[in-house]
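A.B. asks: Dumping the structure here so I can ask a few things about it.
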Amino acid sequence: MPTTTQVLAQVYAAVRDWRTLALSPEVGLLAKELDDFAPTFEYAQMDAARGLIG
8 MPTTTQVLAQ VYAAVRDWRT LALSPEVGLL AKELDDFAPT FEYAQMDAAR GLIG
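For the sequence shown, my numbering assigns the number 8 to the initial residue and increments by one for each residue that follows.
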């Protein structure tokens, strides 16, 4: 069973590069649309998670 830190690292890795994925053909967002989604993926808890996982 994975540890809490391992799960946090997996979630962080999945969310970290959300902008690249959002612009990919699979998702198809336009660059001008990214700011609308930023609050969902970019917030202080991401910084805290990065600190916890090293």
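Positions of the beta carbon are idealized from the N, C-alpha and C atoms, including for glycine.
Does DSSP classify D42 as helix, strand or coil?
C.D. replies: Helix at D42.
A.B. asks: Going by C-alpha distance, which of G35, Q13, R23 is nearest Q52?
C.D. replies: Q52 has its Cα closest to that of R23, out of G35, Q13, R23.
A.B. asks: Does DSSP classify V18 as helix, strand or coil?
C.D. replies: Residue state, collapsed to three classes: helix.
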